[in-house]
Amino acid sequence: MGANISQLERDIGSEQFPSNEHYFGLVNFGNTCYSNSVLQALYFCKPFRDKVLEYKAKNKRNKETLLTCLADLFYSIATQKKKVGSIAPKKFIARLRKEKEEFDNYMQQDAHEFLNFLINHISEIILAERQQNTTMNNIKCKNSGENGIIHSQTEPTWVHEIFQGILTSETRCLNCETVSSKDEDFFDLQVDIEQNTSITHCLRCFSNTETLCSDNKFKCDNCSSYQEAQKRMRVKKLPMILALHLKRFKYMEQYNRHIKVSHRVVFPLELRLFNTSDDAVNPDRLYDLVAVVIHCGSGPNRGHYISIVKSHGFWLLFDDDQVDKIDASTIEDFYGLTSDTQKSSETGYILFYQSRESL
Amino acid sequence: MSRILGPKMGRAEALCNQSLLEAGDRPLERTLTDTGDVKTQFVTREGVYRLLTLSEYSRPNRVGYQSQGQSQPQVRVSLVTLPDQGERICFNHGREIYVYVYKGIKKAADLSKPLDKKVYKGTNPTCHDFNSVSATTESVNLLIGFSTGQIQLIDPIKKELNKLFNEERLIDKTRVTCLRWVPGSRSLFLAAHASGQLYVYNEELPCGSTTPHYMPFKSGEGFTISTCKTKSTRNPLFRWLLGSGSAINEIAFGPDGTQLAVVSQDGQMRVFQYDNMELLGTARSYFGGLLCVAWSGDGRLIAAGGEDDLVTVYSIEQKRVVARAQGHRSWVSAVAFDVHLEMDGCYRLGSVGHDTQLCLWEIPEECLMPSKPRTTKRKPDPLQLVGTPSCPRLDECPILETLVCKKIAHERLTALAFRSDCIVTACQDGYVYTWARPPSHVVNLCVGFTISTCKTKSTRNPLFRWLLGSGSAINEIAFGPDGTQLAVVSQDGQMRVFQYDNMELLGTARSYFGGLLCVAWSGDGRLIAAGGEDDLVTVYSIEQKRVVARAQGHRSWVSAVAFDVHLEMDGCYRLGSVGHDTQLCLWEIPEECLMPSKPRTTKRKPDPLQLVGTPSCPRLDECPILETLVCKKIAHERLTALAFRSDCIVTACQDGYVYTWARPPS
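Respectively, the protein sequence lines represent chains A and B. Heads up: the first sequence at position 231 corresponds to 846 in our numbering, and the numbers run straight through without jumps. Heads up: the second sequence at position 554 corresponds to 686 in our numbering, and the numbers run straight through without jumps.
Below is the structure:
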C-alpha cells in the first residue's frame with residue numbers, strides 16, 4: 616500500500632503534482648465499488664465538487680443527510696495533509712444504506728442507479744432545506760424512472776445548474792399532422808448501444824424518429840383520440856456536465872436475467888452533440904471527457920466498478936483504495952469488445968463530459 | 133480458430149443473399165436494429181463492386197490466432213508499383229510485418245511465399261512506406277516505424293539493406309505514427325510521432341550518438357521548426373513541432389509533392405507549403421481528434437476523417453471547409469479520394485472506420501462554389517472554435533449523404549486505397565481485401581490512362597506506350613489543327629482529349645452507347661466530332677468540356693467524320709459524315725449550341741448503372757439534336773472515308789472505289 620502511494624507520487628513527479636489537489640482512494644466495505652467509482656467521478660467534476668464544498672462551508676450545523684455526509688467526505692479528501700492515500704467513506708455508506716433500502720445490503724449495485732439516486736436525492740435535500748428556510752409552498756419534486764427525468768417547478772438548485780439539461784420531444788400526429796412538443800428535464804441520458812459504433816452515433820440514434828403505433832398510440836389533443844404518431848427527442852438545453860449512461864445491461868427473456876453487452880463503443884475526448892433541437896440555445900457546445908465509470912466483469916450483479924478521471928491534464932485510475940496514473944492511450948482499453956467470444960470485459964459505463972467553458 | 137471461421141461464414145451467407153441486395157444507390161434509412169450481415173458486394177452508379185475472396189492477403193498461416201492486447205497498432209497497408217508494372221504490398225499486424233507480391237484482381241494471392249516477413253520483440257510496427265522513386269524490379273526501399281519510436285529501413289526484395297534510425301530513442305521516445313518519403317526523393321523522409329513532432333531524415337546521414345540540440349529555424353501560428361545544431365550534418369535535419377504536442381495521426385503530401393497536410397489528435401489539420409514551410413491553411417474537426425487525411429487527384433481538396441464520425445472536406449484554394457460527409461457510425465480510420473473516377477469538378481470520396489463500414493460519397497460541384505458567408509447573426513463561440521471557415525457550424529456547411537454505406541467486415545477497418553481496377557481495404561484482424569471494380573463499366577467509366585517509357589540502355593522504339601482505359605480497341609486518333617492536342621476514340625465509347633506534349637487529359641466525352649469509330653477536329657480547334665455505333669455524331673466543345681450537340685440522320689454506324697473547314701466561318705460549322713448506311717450526311721452546327729448552357733435542373737433519378745446525365749454524356753433531352761442539311765445515299769456499299777477539299781469532297785467505299793464530288797462553281 617505504502618509503496619503504491621509513493622509510486623503514484625513518483626509517477627506524477629513532485630514538481631508536476633498539482634497544488635491543492637489530493638488523490639485519495641476509497642476503501643471498499645464489501646461491494647461498495649459502485650458507490651466509490653461514482654463518487655470519484657463526481658469529485659473530479661470540478662463544478663460539482665466546488666458546490667459540495669461550498670455547501671459544507673455554508674451549512675455547519677445541519678442535521679445529518681446524505682448531502683452532509685457527501686460534503687464531509689469531499690471536505691475530508693480536500694483537506695488531507697498528504698497528497699495521496701486512501702480514506703474510508705464509512706459515514707456516507709452508512710447513511711446511504713439508511714436512506715434507500717435497495718442499497719442496504721452487501722450486494723453489487725448498479726452504479727448508474729446509484730448516480731441517479733444520489734443526484735436526485737441531493738437536489739431534493741437542497742429543495743427541502745430551501746423550503747424550510749423560506750415559506751414557499753407546494754414544492755413538488757419527484758423522480759420518474761426513464762432517463763432520470765425530473766419535474767420541478769421551482770428555481771433550479773446548483774445540482775440543476777450543473778447536471779440538468781432539457782429534452783424536447785416533438786410528436787407529429789399522423790392523422791391531423793399537428794406537431795406538439797413537450798419539454799422534459801434530465802440529469803443524464805440513457806443511451807442504447809450498438810456494436811462497433813461511437814457514442815456520437817448512439818446519441819444520434821437516441822434522437823431517431825420513432826413511430827408510435829398499435830398499443831403504443833399517441834393521445835392527440837387535436838383529434839381527441841389515440842392516433843399513430845411520429846416522435847423524436849432532441850436536446851434543447853445542453854447541461855454543463857453531460858452524463859451519458861451506456862445501456863450495457865440488457866434483459867434477455869430467454870435467460871430471464873440481464874446480460875452484459877460488451878459492444879465496442881468508442882468515446883472521444885472531445886464531444887459535440889448532433890441531436891440538438893432547432894431552438895437549442897448553444898447547439899455546438901464543446902464538451903471534454905472528464906470522468907468515466909467503468910464496469911469490469913460479465914454481468915450486472917457480478918464484477919467490479921472502477922473509474923478513470925482527468926485531473927490537471929493527466930488521467931488517473933481509481934480502483935477502490937488504489938490510485939494509479941495512467942496514460943491517455945489506456946482509455947482505448949475501455950471501449951469494449953468487437954467479438955462476443957469473451958464473456959468478461961472492462962467497458963465504459965457512465966461517461967461524464969464537461970462543457971469547455973466551465974472548465 | 134472459430135474466430136477466423138466467423139467472417140467466412142458470414143460472407144458465405146451474404147453470398148447466398150446476393151439477389152436481395154438493393155440495386156439503388158441512395159442511402160437507406162438506418163434502422164436501430166442492425167442485423168449486421170457483412171456485404172461481399174455493393175452497387176454504385178458505375179456498377180457492382182465484388183470482393184475477391186481469392187485475393188485476400190494475410191499472415192501465411194491463417195490459423196495461428198493469438199489473443200491480442202486491445203491496443204494493437206492499426207493495420208496499415210503500403211502499395212508500390214514497380215517499373216515493370218508489378219506491385220508489392222506491405223502490411224503490419226500485431227508484432228509482425230509482411231511483404232507480398234500484390235497480384236490485384238489478376239491472380240489469387242499466394243500466401244505461402246511472402247517476399248519478406250518480420251516478427252519483432254518488445255515493439256510493434258505501426259506504419260510503413262515504400263519509396264516509389266527508387267523502386268526497381270530487384271530492389272525497393274521500405275521504411276518501417278515502431279511503437280517505441282525507432283525507424284527501420286529495409287529492402288524486402290534484395291534483403292541487403294537494414295538501417296536503423298532513432299535506435300537509441302534519443303530523437304523521440306514516442307510511437308511513430310506515420311512515415312512518408314518526400315515525393316521525388318530517394319533519401320529524404322518524414323517521420324511523425326505521437327509527441328506531436330515531425331522529423332525530416334536523410335537516410336544517408338547518421339543519427340548521432342547524443343541527444344540532438346535544436347536551433348529555431350522558422351515558426352508560425354501553432355508550429356515551430358528547428359534544425360539540428362551540430363558541426364557535421366546529422367539526423368534529424370529538421371524538427372517540426374505542431375500545436376502543443378498532441379499526437380500527429382497522419383501526414384499526406386499533395387499530388388504535386390509540394391504541399392503537406394498533417395492531422396493531429398487535437399482535431400487540427402494543417403496544410404503547409406513543404407519547401408518554404410509556410411502554413412497555407414487549417415481546418416478543424418467538429419470535435420475530437422482527426423485520424424486520417426488524403427488529397428484529391430487534382431490537389432484542390434483535402435479530406436480528413438476523425439473522432440466526430442465525419443469526413444471533413446477542405447478546399448485549399450478557398451481556405452475553408454466546403455463540406456462534411458456523414459454516414460459512419462463510429463470513428464473514421466482511413467480516407468481516400470478515388471482519383472480514377474475523378475473528373476473535372478466531380479470527386480469521389482471514400483472512407484472506412486471503426487464501424488466496419490465502407491462509405492462512398494460524391495462531392496457535388498455546388499459545394500465548391502465560393503459561398504457567400506451566411507449572415508445568420510449568432511452568438512460567436514466564446515472559444516472561437518466553431519463558426520469559422522476552418523470549422524463551420526453544422527448548418528453553415530453542406531452535409532454530404534453517402535452514395536454507398538456498407539458493413540464489409542466484422543472487425544474495424546483500418547486502411548483504404550483506390551486502384552485503377554480495384555479497391556483495397558484492410559481490417560484490424562490482419563486481413564487485406566481486394567474489391568474488383570465493376571467489370572464492364574470500368575471500361576465505360578475509367579478515364580484513367582497510364583503512359584510508360586521503354587526502359588533500356590540504348591534508346592529504342594517505342595519511346596512511349598499509352599494505355600487508355602482498360603484496353604478497349606482504339607479506333608481512331610486525330611491531332612487538332614495546331615498540332616498540340618490529340619483526340620482518341622475507343623471501342624469503349626470513350627473519347628479522350630489530351631494535351632499531347634505534357635500528356636495531360638483535357639477532357640472526355642462518351643457515345644450515347646456503343647463504341648466510337650471515328651473522330652475529327654473543326655478548323656478552329658474548338659470542336660471535336662466523333663461518330664459511333666449509336667448512329668450519331670457527338671459534338672464536343674473542348675473549351676466548355678461538354679457535349680454540345682448530337683447529330684442524327686444516319687441509319688447505321690458512322691464510319692468517318694470530318695468538318696468542312698473550307699465553309700467554316702466565325703462560329704458556324706459544317707459537319708459531314710459517312711456510314712455503314714451508304715449515306716453521306718451534312719449538318720450545320722448553329723451558334724446557339726455553343727453558348728455555355730445553364731445546367732438543366734431536371735431532377736431525375738441518376739441512372740444507377742450508366743454514367744449518363746453528365747457533361748461528357750448528356751441525356752437525350754439534355755442536349756440539342758441536329759437534323760441533317762443533306763442526307764443522301766451515294767453508294768451501294770458502306771462508306772468508309774470522307775475528306776473535304778477546297779474544290780471537292782472525297783469519299784471512299786468498302787468495295788475499293790474512291791469518289792470525287794466537285795463543289796458547286798462559286
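For every residue, glycine included, the Cβ atom is placed at its ideal position computed from N, Cα and C.
A straight line joining the alpha-carbon of THR309 of chain B with that of GLY277 of chain B spans about 7 Å. Beta-bridge analysis with DSSP links CYS491 of chain B to B:SER483 and B:CYS537. Between SER266 of chain B and ARG318 of chain B, the CB-CB gap stays under 8 Å. By the Cβ test, the stretch 646–653 of chain A is in contact with the stretch 917–928 of chain A, since at least three Cβ pairs between them sit closer than 8 Å. Secondary-structure assignment with DSSP links SER795 of chain A through a beta bridge to A:THR786. DSSP places ILE923 of chain A within a strand segment (E or B) once states are collapsed to three. Contacts with chain B at 8 Å (Cβ-Cβ) do not include GLU785 of chain A.
Under the DSSP assignment, CYS820 of chain A falls in the alpha helix (DSSP H) whose first and last residues are 814–821.
Bounds of any alpha helix (DSSP H) do not take in ASN811 of chain A, whose DSSP letter is neither H nor E. HIS225 of chain B is outside the set of residues whose beta carbon lies under 8 Å from a beta carbon in chain A. At least 8 Å separates the beta-carbon of ILE965 of chain A from that of VAL880 of chain A. In the three-state reduction of the DSSP assignment, LEU337 of chain B falls in the coil class, being assigned neither a helical nor a strand state.
Rounded to the nearest angstrom, the gap between the Cα atoms of LEU423 of chain B and ARG416 of chain B is 12 Å. Of the residues assessed, GLY628 of chain A falls on the exposed side of the cut-off, its CB having fewer than 16 other CB atoms within 10 angstroms.
Taking 9 Å as the upper bound on Cβ-Cβ separation, chain B lies near no residue of the stretch 651–674 of chain A.
For LEU688 of chain A, the enclosing alpha helix (DSSP H) begins and ends at 681–693. In summary, no residue of the stretch 322–348 of chain B has a CB separated from any CB of chain A by less than 7 Å.
The beta strand (DSSP E) runs lying completely inside the stretch 378–435 of chain B and spanning 3 residues or more are 380–385, 391–396, 400–405, 410–416 and 422–427, given in chain order. The criterion of a C-beta distance shorter than 8 Å is not satisfied by SER822 of chain A and GLU799 of chain A. Look at ASP934 of chain A here: in three-state DSSP terms it is strand.
Where HIS860 of chain A is concerned, the enclosing beta strand (DSSP E) starts and stops at 856–861.
Residue-level contact by beta carbon fails for SER892 of chain A and chain B, as no gap is shorter than 8 Å.
About 16 Å separates the Cβ atoms of PHE695 of chain B and ALA641 of chain B, ruling out a contact at the 8 Å cut-off. Taking GLU382 of chain B as the centre and dropping the five residues before and after it, the same chain places the C-beta of CYS310, VAL395, CYS424 and VAL425 closer than 6 Å to its C-beta, in chain order. For ASP441 of chain B, the nearest CB of chain A lies under 8 Å from its own CB, placing it at the interface with that chain. Out of B:CYS755, B:VAL693 and B:PRO797, the CA that lies nearest to the CA of PHE776 of chain B is found in B:VAL693. Residue environment analysis places ARG625 of chain A among the exposed positions, since fewer than 16 neighbouring C-beta atoms fall within 10 angstroms of its C-beta. Here THR962 of chain A is buried. Its C-beta has 16 or more other C-beta atoms within 10 Å. Per the coordinates, the alpha-carbon of GLN845 of chain A lies some 38 Å from the alpha-carbon of ILE741 of chain A.
Taking TYR721 of chain A as reference, the option from A:ALA709, A:PHE833 and A:ARG849 with the minimal CA-CA separation is A:ALA709. Using a 10 angstroms sphere on the CB of HIS698 of chain B, the tally of other CB atoms stays under 16, which defines it as exposed. Apart from the 5 residues on each side of it in sequence, ARG592 of chain B sits with its Cβ closer than 7 Å to the Cβ of CYS586 in its chain, given in chain order. Between SER701 of chain A and PHE644 of chain A, the C-beta gap is not smaller than 8 Å, which leaves the two residues out of contact.
A straight line joining the alpha-carbon of SER738 of chain A with that of HIS775 of chain A spans about 8 Å. Identification of residues in the stretch 517–547 of chain B having a C-beta nearer than 8 Å to some C-beta of chain A yields LEU517, VAL518, GLY519, ARG525, LEU526, HIS542, GLU543 and ARG544, given in sequence order. Contact annotation for TRP493 of chain B against chain A: no contact, minimum CB-CB distance about 17 Å [criterion: below 8 Å].
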